[in-house]
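Reading through the structure tokens given below for one structure.
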Amino acid sequence: AAAPSRLRAGLFWALLLLIPILFFLLLEGGLRLFDYGGNDALVLLREDYGERYYQINRQVAQRYFSSDEVNVPDARGEAFAFHKTPNTYRIFCLGGSTTAGWPYQHNAGFPSQLQARLSLLFPERNFEVINVGISAINSYSVLDFTGELLRYQPDLFLIYMGHNEFYGALGAGSTRSIALGRPFIKAYMRLERLRLVQLLRNGAAQLRRKPPAAGGHETLMENMAGDRMILPESPRYRRARADFAANLDEILTRIAKKGVPVLVSTLVSNIADQPPFESPFSPNFSRQAEWRALEEQGDRALAGGEPAAALAFYRQAAVLDSLPAMLSYKMGQCHRTQGDSLRARRLLERARDLDGLRFRASAEFNQVIRRVCSAKGAPVVETENHFINASPGGLIGWSLMHDHLHPNAFGYLLMADAFCRTMAEADLIVDSSAWPWNRDLPAERLFEEAAITPFEEEIACQRIRALTSRYPFRAPRLLQAVDEPEYARMLQGAVQMLFQRKWSWNEAHYRVGDWLAERGRHAEAAQEYRAVIRVMPGNYYPYLFLANMLALQGKGEAEERILLQAAALSPNLPFAFAKLGVHYMSRNDGRKARPVLERAIALADNSRDFTPTDRSRVHYLLGVALAQEGDYAAAEREAETALQLAPGEARILNLLQQLAEVMPSSPNP
Numbered sequence: 012a013a014a015p016s017r018l019r020a021g022l023f024w025a026l027l028l029l030i031p032i033l034f035f036l037l038l039e040g041g042l043r044l045f046d047y048g049g050n051d052a053l054v055l056l057r058e059d060y061g062e063r064y065y066q067i068n069r070q071v072a073q074r075y076f077s078s079d080e081v082n083v084p085d086a087r088g089e090a091f092a093f094h095k096t097p098n099t100y101r102i103f104c105l106g107g108s109t110t111a112g113w114p115y116q117h118n119a120g121f122p123s124q125l126q127a128r129l130s131l132l133f134p135e136r137n138f139e140v141i142n143v144g145i146s147a148i149n150s151y152s153v154l155d156f157t158g159e160l161l162r163y164q165p166d167l168f169l170i171y172m173g174h175n176e177f178y179g180a181l182g183a184g185s186t187r188s189i190a191l192g193r194p195f196i197k198a199y200m201r202l203e204r205l206r207l208v209q210l211l212r213n214g215a216a217q218l219r220r221k222p223p224a225a226g227g228h229e230t231l232m233e234n235m236a237g238d239r240m241i242l243p244e245s246p247r248y249r250r251a252r253a254d255f256a257a258n259l260d261e262i263l264t265r266i267a268k269k270g271v272p273v274l275v276s277t278l279v280s281n282i283a284d285q286p287p288f289e290s291p292f293s294p295n296f297s298r299q300a301e302w303r304a305l306e307e308q309g310d311r312a313l314a315g316g317e318p319a320a321a322l323a324f325y326r327q328a329a330v331l332d333s334l335p336a337m338l339s340y341k342m343g344q345c346h347r348t349q350g351d352s353l354r355a356r357r358l359l360e361r362a363r364d365l366d367g368l369r370f371r372a373s374a375e376f377n378q379v380i381r382r383v384c385s386a387k388g389a390p391v392v393e394t395e396n397h398f399i400n401a402s403p404g405g406l407i408g409w410s411l412m413h414d415h416l417h418p419n420a421f422g423y424l425l426m427a428d429a430f431c432r433t434m435a436e437a438d439l440i441v442d443s444s445a446w447p448w449n450r451d452l453p454a455e456r457l458f459e460e461a462a463i464t465p466f467e468e469e470i471a472c473q474r475i476r477a478l479t480s481r482y483p484f485r486a487p488r489l490l491q492a493v494d495e496p497e498y499a500r501m502l503q504g505a506v507q508m509l510f511q512r513k514w515s516w517n518e519a520h521y522r523v524g525d526w527l528a529e530r531g532r533h534a535e536a537a538q539e540y541r542a543v544i545r546v547m548p549g550n551y552y553p554y555l556f557l558a559n560m561l562a563l564q565g566k567g568e569a570e571e572r573i574l575l576q577a578a579a580l581s582p583n584l585p586f587a588f589a590k591l592g593v594h595y596m597s598r599n600d601g602r603k604a605r606p607v608l609e610r611a612i613a614l615a616d617n618s619r620d621f622t623p624t625d626r627s628r629v630h631y632l633l634g635v636a637l638a639q640e641g642d643y644a645a646a647e648r649e650a651e652t653a654l655q656l657a658p659g660e661a662r663i664l665n666l667l668q669q670l671a672e673v674m675p676s677s678p679n680p
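Quick note, in this note's numbering, the sequence shown goes up one by one and the last residue is 680.
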């Protein structure tokens, strides 16, 4: 009797243990059934018109953020082919907001400009440069993404990360920090894929939800800053630096195991024109009043145009306490004013590195990048040196930067150049000696080819204004894309329509292009349509607008080339064929016009947007083409059809009259 009793007891305890497990399994299943939390996969499989393709999930960052606490940053949602062709070279770009191209929306970021550059150099290859950059993520997220992206046949990884190690998701000083260390953070990231964990996380976020910020919505930058005073070599500082090194090492190890090349870039920040955000004194420093008095005397001397005198006061303050970052910044500005760029750079870099609010990575993070990459045999892209060499006096500032760390459009072009040249040096695509630099263009032409229009610049200006209007910035940067008042007002209004989601991004470009075209500014309008084509190369629609502008500029060959592309992209729609027919007839080439006009007529029923007026014009032009070939009877039939669609149209009546004059009279019965 004892054995059955022990068996029953064992079953009882086993069931008792299984009940909570079953409960949590059922709860997890129910949450998944009702799609709680949405789909947070990195790569989604999509289908459009029977064609399958992959797309980066725009909502993937919800893995790391609670939407109750912050506006979750979007990924760019870029697509790439389901079936990778043999001539395709697939590049994944990983990192935070700079990789994403912020504050721009499209075309300006270094991945986009790099793709254009590579396509120019290697026109026979198909380059997929896929931007996986997301604002406010750091090396933990990049580590998370890398393992997934290795499944999709990458040829190269490009990595630009390091600025968000303190205040990015799960960063050491962020509002989403986990203080238990790197192993626990990695375990949490795996557990966070469970819907039950997401439910608990969101519930906790509701409990600690802050009241609305004064003066408007918090920026993501403002929201993510938890510990706003992190001293050099403090525990948080050391942890962030160590975690960055360990994450980078693991990322490179994972990629190397799959035999895929990877390039890692050094970091760039604005040292010349961005003062430190926080300037703490040394702990227990007791002579602050005396220090402040010396600083004020130095400030007055510098404002009065006496940098040497200012330096003398600042140096006396430094004897008392040299830790405050603002002191190094002001001393750097004194040397800058005196034309001593070398001393200025050393001090301005020190000011950045001592900044208590660590939104800019210190120089040590570039040292970590170089050290870890050297150990792993991964080439380093020396982007920082590119920026130093291109900056006045070697001091990186407003000439290349929009704010504390985001480049302007030309700065992003410089980043793309740094990546491109390092690819060549690393013998990627082809041997370095075989890179066809003879096909390259000057920087001004590359910038023009990038199609970064004033509308896109105005998007950046308004985002920068919003960012710098709030903590931790001291004053907003009041930028605008153009100086012309009427043009500026139109652009500002178009950007607001975009931000309010009343216009889509491509529609806004069309509207701006139309405004320019109405004023005879055809070349500028053409750039707006090119901008859309850069982002949506498979959409025939912007090609038609661009063709119109090229025609008005008298660029017939370019117009024909664009219309042929539009026709190839829309083989079952009449619009491109009709416009191509109009183009050929404008050049009095009825032989080429006839087949495309006939094609347009055959496809006319496929689109409700192809109006009776459009049909009438196509039939009329086909009639003219047939008359040029001497087929007067067929020409008359087309003209009569055109007249039925547009009764009383003068040019059709004129054509019929001309045909009647040249056609032989029918014999009387």
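Even glycine gets a Cβ: it sits at the ideal position worked out from N, Cα and C.
(message) Let's test the definition: count the other Cβ atoms within 10 Å of the Cβ of F296 and tell me whether it reaches 16, buried, or not, exposed.
(response) exposed
(message) Within 10 Å of its beta-carbon, does N679 have 16 or more other beta-carbons around it, so buried, or fewer, so exposed?
(response) Low confidence applies to N679: its pLDDT is 46, below 50, so where it sits in the model is not reliable, and the reading given next is rough at best. The residue is exposed, with fewer than 16 neighbouring Cβ atoms inside 10 Å.
(message) Taking DSSP's pairing of strands, which residues face Y65 in a bridge?
(response) L56, F91
(request) For the stretch 256 to 340, list the alpha helix (DSSP H) runs that are entirely contained and at least 4 residues long, ordered along the chain. (result) 299 to 314, 318 to 331
(message) In chain order, what are the residue ranges of uninterrupted alpha helix (DSSP H) at least 4 long that sit wholly in the stretch 562 to 622?
(response) 567 to 580, 586 to 597, 601 to 614
(message) Does the contact criterion of 3 or more C-beta pairs under 8 Å hold for the stretch 119 to 134 versus the stretch 455 to 467?
(response) yes
(request) Sort P114, G634, D59 by Cα distance to Y423 and report the nearest one. (result) P114
(request) Identify, in the order they occur along the chain, each residue of the same chain with its Cβ nearer than 7 Å to the Cβ of R572, setting aside the five sequence neighbours on each side. (result) none
(request) Taking 8 Å as the threshold, find out whether the stretch 265 to 275 comes into contact with the stretch 388 to 397 through three or more Cβ pairs. (result) yes
(request) Leaving aside the five residues before and after R361 along the sequence, list all residues of the same chain whose C-beta is less than 7 Å from its C-beta, in chain order. (result) S339
(request) Sort G106, P291, I440 by Cα distance to S245 and report the nearest one. (result) P291
(request) Compare the Cα-Cα distances from K269 to each of R626, L313, N258, E159 and report the closest residue. (result) E159
(message) I believe R239 touches L368 by the beta-carbon criterion, under 8 Å. Please report the beta-carbon distance rounded to the nearest angstrom.
(response) 5 Å
(message) So, for L132: in the same chain, excluding its five sequence neighbours on each side, which residues have a beta-carbon less than 6 Å away from its beta-carbon?
(response) P447, R450
(message) Measuring straight from C-alpha to C-alpha, what distance separates R101 and G173?
(response) 24 Å
(request) Starting from Y171, follow the beta strand (DSSP E) in both directions and report where the run begins and ends. (result) 167 to 171
(request) Would you kindly work out how many angstroms separate the C-alpha atoms of N175 and E135, rounded to a whole number? (result) 38 Å
(request) Report the three-state DSSP secondary structure of L18 (helix, strand or coil). (result) helix
(request) Decide yes or no for the touch test of the stretch 282 to 291 against the stretch 182 to 193: beta carbon pairs closer than 8 Å, at least 3 of them. (result) no
(message) To the nearest angstrom, how far is the alpha carbon of Q503 from that of W516?
(response) 14 Å
(request) Tell me S402's beta-bridge partners as DSSP assigns them. (result) According to DSSP, which records beta bridges pairwise, S402 is partnered with nothing at all.
(message) Do S146 and S108 count as a contact pair if the criterion is CB distance below 8 Å?
(response) yes
(request) Could you spell out the range, first to last residue, of the beta strand (DSSP E) harbouring E455? (result) Note, E455: premise wrong, no beta strand (DSSP E); alpha helix (DSSP H) at 454 to 460.
(message) Restricting to runs no shorter than 4 residues, where is the alpha helix (DSSP H) found entirely within the stretch 360 to 411?
(response) 374 to 387, 394 to 401
(message) On the criterion of 16 or more Cβ atoms from any shown chain inside 10 Å, does Q378 qualify as buried, or is it exposed?
(response) exposed
(message) Considering only their Cβ atoms, is the gap separating A328 from L305 smaller than 8 Å?
(response) yes
(request) Compare the Cα-Cα distances from R363 to each of H413, G316, P286, C384 and report the closest residue. (result) P286
(request) Assign T433 to one of two classes, buried (16 or more other C-beta atoms within 10 Å of its C-beta) or exposed (fewer than that). (result) buried
(message) Using a 10 Å radius around the Cβ and a threshold of 16 neighbouring Cβ atoms, would you call N258 buried or exposed?
(response) buried
(request) For D155, count neighbouring Cβ atoms within 10 angstroms of its own Cβ and tell me buried if that reaches 16, exposed if not. (result) buried
(message) Buried or exposed, going by whether 16 or more other CB atoms sit within 10 Å of the CB of D59?
(response) exposed
(request) Measure the alpha-carbon distance for A256 versus G179 and round it to whole angstroms. (result) 16 Å
(message) Assuming L632 and L608 are in contact, meaning their beta carbons sit under 8 Å apart, how far apart are those beta carbons, in whole angstroms?
(response) 6 Å
(message) Taking the straight line between their C-alpha atoms, what separation do you get for L105 and L654?
(response) 59 Å
(message) Using the Cβ count rule (16 or more neighbours within 10 Å means buried), how would you classify M342?
(response) buried
(message) For a quick check, are the C-beta atoms of L656 and A646 less than 8 Å apart?
(response) no
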